[in-house]
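Below is one structure; the comments refer to it alone.
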Amino acid sequence: MMINVNKQNFQKLYPTIKTSLENAQVIAIDAEFSGLESDDSSKSSLFDTIEERYQKLRKNCEKFIIVQFGITCIEQVPCQNEYNTKIFKFFLFPASIPIKNRQFLWQVAAIEFLSLSGFNFNKVAYDGISYLNEVEEFTFKRYLEDNNMIRNINNMSYKEGDEIKRAIDNVANWLEFSGDPDEDPEYIVLKISVSSVNLQYLLQKILRSRFSRIWTTYNNEEITVIKVSLEIRRMLEREEGDILNKALLDSYIGFSKVFKLLVELKKPIVGHNILLDLIYMFKLFYKPLPKRYNEFKVEVHRLFPIIYDTKYLSYQLRDEISLFPPGSPYTLDALYKFFSEERRRFILNSPIIETNYKLGDVVPHDSGWDSYFTGYIFIKMAHVIAVKKYGKGLEYRSVTNTEVLNSLQEYLNCINLSRASTFYLKLDGKDPKSERPQWLFVRTSVNYDIDQIIQKLSAFGTVDVKSFIEGCALVAVANHGSARNILNHFYNHKDIYIVPYNPIKHSLSVKYLLIVSAILSGGVVAWYGAVSKQGGRPILDPLQGQSRLLVVAFTNCYFVARDFFFKKVKGSSCKSDTRRKKKTEVSDLTSTQIIIGQLDNNRAHTNRRYFLTYSIEFLRFNGDILRFMEIARNGKMFTRIYYFSQYLQ
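In UniProt numbering, the protein residues as written are 1 to 649.
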């Protein structure tokens, strides 16, 4: 049975939600988002390392939000091969708060996708439950404690201002014509309708400050005003404390209470392709995303130590058990259909999963139903894995939840990565190395752009292409079979040359870096020999000088490579790439030329001693490149080098 939770019934249903989560043995989740990709640069690519993928998702997450969140609580019936489920669907919407100008974007593609599934966008705006992360909660709490909400009352809307004025007039008239509470044994009551939580908070604060002989309470979008004596008023104030502040803060925290409960319970969390869900949950309900993937990984594992990804599990079943037919799609809908309709009759003693729903109620791409599908296929796949691990005997008796989870230990905290350099990441251990094919190097004899190369290679499977240098590109291929087919097909092709990528062979910057390194190494050896022949001459401390000059040598080597890279590589690319701005390139080349000692066609650069004295002169400025450049431009550097070389001789 699906339970729809909105901001009107959230507080009332929260005890039921809490009890269901506490009793669940497995909790399946799913989320729908207002968008996925902020721009083309943040699209997933087979070139992406785990760190690069995290940075892309982190960038996307800055602009979009979760608009719907589904939770399915799965509980095994004692001593039976049967599970009961309870489904909750939450619409979410970030309520405006005075401490932050909250904003988010809708991506048109996301709106179109959700519309096809009958998504109700009005429910997001009108019924969406608020939320705060821990940073926002702390800041807002301090804001309320300092009474800033009342101080900034002028910032309210015209509608709210009119409601407050009308309420003040009503209370004033009511007090004027009502009896004296000291003489009347029964309190006289006035009820005022209120349109928002913010308004009920402000109105209670204002009425209490304006009228000393009243007290206010709030329930069901209505404020109750009670006429009381001064003595009772003082007693009520002592008893209440900061209940008003807590009530307002609690209304803003909203769905974050559910997130905190999930963190507290540490129950197994299941999702399908769950990485995106985890990233958005972290940012919206916990705190801002860390700058680095490794920090995020540690934090998420601390919050949720037991996570299973059904997308990753489905791939393992394909590879290890050959459960699915060749070419089967691994979408959530397809997997649910497979286990609920097709494979059910072939898996002996497969668990029964009850939910009390009608077939017509099921809506794909609804977070509530998707969380149910996720939990359903998890139990089904876990049963298959448990039978494989513990033997065929389990096909004739019920499998306990403990046996199910123990059979999945090798898949624990393995999170699927779609279209990346690695197939998955490991939240509680070392991430795997890439098993993708080696990149391919493409050189064309005619002017092909990126899109044309992609079009030609996509016939062989999923590929990603990026420009390298003029007339060349790098290709990442999804699987080894496709890579072999591409190499075989384009072998001896008249226009397109494709071979496995070799950095030393195909990267000109690396090639020149190695050449310059060899030259500089010879220079360092020659210098050290020259220093040894000088006897007691105080050129440099031998050990210190050698170490420092080695640093300079390799620094120069880097600048040589960078100089070449900017001129030969960055300056050229396939048509679809944007060229580097000329101003930046000229600036980089100028500093590079000065540092590596291009001495304005002076023959001194052919002499190793001149090169060495140049490096030593650079050391005298303690790495101050700007000062070094200034001396060189003024022509003083050449004089200094000349005298120093004379001293060496």
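Ideal Cβ placement from N, Cα and C applies to all residues, glycine included.
Burial state of residue i (16 or more Cβ within 10 Å)
{"i": "D464", "result": "buried"}
{"i": "P437", "result": "buried"}
{"i": "F441", "result": "buried"}
{"i": "L46", "result": "buried"}
{"i": "K100", "result": "exposed"}
{"i": "S195", "result": "exposed"}
{"i": "Y390", "result": "exposed"}
{"i": "Q8", "result": "exposed"}
{"i": "D250", "result": "exposed"}
{"i": "R58", "result": "buried"}
{"i": "A28", "result": "buried"}
{"i": "N198", "result": "buried"}
{"i": "A459", "result": "exposed"}
{"i": "S209", "result": "exposed"}
{"i": "P351", "result": "buried"}
{"i": "D127", "result": "buried"}
{"i": "M235", "result": "exposed"}
Beta-carbon proximity list for residue i, same chain, < 8 Å, skipping 5 on both sides
{"i": "I65", "result": "F33, S34, L92, P94, F104, Y280 and L284"}
{"i": "N152", "result": "P98"}
Backbone secondary structure at residue i - three-state DSSP
{"i": "V399", "result": "coil"}
{"i": "L408", "result": "coil"}
{"i": "residue 651", "result": "Residue numbering for the chain in the displayed model covers 1 to 649; residue 651 lies beyond these limits and cannot be assessed."}
{"i": "N173", "result": "helix"}
{"i": "A420", "result": "coil"}
{"i": "D449", "result": "coil"}
{"i": "T16", "result": "helix"}
{"i": "M149", "result": "helix"}
{"i": "I214", "result": "strand"}
{"i": "K56", "result": "helix"}
{"i": "I226", "result": "strand"}
{"i": "Y131", "result": "strand"}
{"i": "I99", "result": "coil"}
{"i": "H605", "result": "Low confidence applies here, because H605 scores a pLDDT of 42, under 50, leaving its location unreliable and the question unanswered by this model."}
{"i": "K426", "result": "strand"}
Element boundaries [beta strand (DSSP E), containing residue i]
{"i": "Y501", "result": "No beta strand (DSSP E) contains Y501, which DSSP labels as neither H nor E."}
{"i": "D30", "result": "V26 to F33"}
{"i": "C472", "result": "C472 to V477"}
{"i": "G271", "result": "I269 to G271"}
{"i": "Q200", "result": "Looking at the DSSP string, Q200 is not in any beta strand (DSSP E); the run it does join, the alpha helix (DSSP H), is V197 to R210."}
{"i": "Q68", "result": "I66 to Q76"}
{"i": "N84", "result": "E82 to F91"}
{"i": "I3", "result": "M2 to V5"}
{"i": "D464", "result": "V463 to S467"}
{"i": "I385", "result": "Counting along the chain, I385 falls outside any beta strand (DSSP E), though it belongs to the alpha helix (DSSP H) covering S367 to Y390."}
6 Å CB neighbourhood of residue i in its chain, flanking five on each side removed
{"i": "A167", "result": "I192 and L203"}
{"i": "A420", "result": "D48 and R53"}
{"i": "D404", "result": "It is Val, not Asp, that sits at residue 404 in the sequence shown. A382 and A386."}
{"i": "N416", "result": "N273, D309, K311, Y312 and Y424"}
{"i": "K86", "result": "S20 and C73"}
{"i": "D333", "result": "P364"}
Distance between residue j and residue i (C-alpha atoms, nearest Å)
{"i": "N219", "j": "Q200", "result": "10 Å"}
{"i": "G118", "j": "F69", "result": "16 Å"}
{"i": "V263", "j": "S38", "result": "29 Å"}
{"i": "G295", "j": "L132", "result": "Inspection of the sequence shows that residue 295 is occupied by Glu rather than by Gly. C-alpha separation (whole angstroms): 21 Å."}
{"i": "I74", "j": "D370", "result": "14 Å"}
{"i": "I453", "j": "V362", "result": "42 Å"}
{"i": "E112", "j": "A247", "result": "38 Å"}
{"i": "F140", "j": "I71", "result": "28 Å"}
{"i": "N401", "j": "I379", "result": "9 Å"}
{"i": "I306", "j": "K267", "result": "7 Å"}
{"i": "M2", "j": "L116", "result": "20 Å"}
{"i": "S367", "j": "A476", "result": "33 Å"}
{"i": "S314", "j": "A31", "result": "20 Å"}
{"i": "H493", "j": "I486", "result": "11 Å"}
{"i": "N502", "j": "T422", "result": "20 Å"}
Own chain partners of residue i with C-beta closer than 7 Å, once the 5 adjacent residues on each side are dropped
{"i": "L408", "result": "Y308, A382 and I385"}
{"i": "Q80", "result": "S398"}
{"i": "V300", "result": "L278, F282 and L427"}
{"i": "K18", "result": "L261"}
{"i": "N607", "result": "Unreliable placement is indicated for N607, whose pLDDT of 45 sits below 50; no coordinate value is reported for it."}
{"i": "G471", "result": "R443 and T444"}
Where the alpha helix (DSSP H) containing residue i begins and where it ends
{"i": "M235", "result": "L230 to E240"}
{"i": "D277", "result": "L275 to M281"}
{"i": "I243", "result": "I243 to I253"}
{"i": "R302", "result": "Y293 to L303"}
Test: residue i CB closer than 7 Å to a CB of chain B
{"i": "Q455", "result": "The structure shown has no chain B; it contains just one protein chain."}
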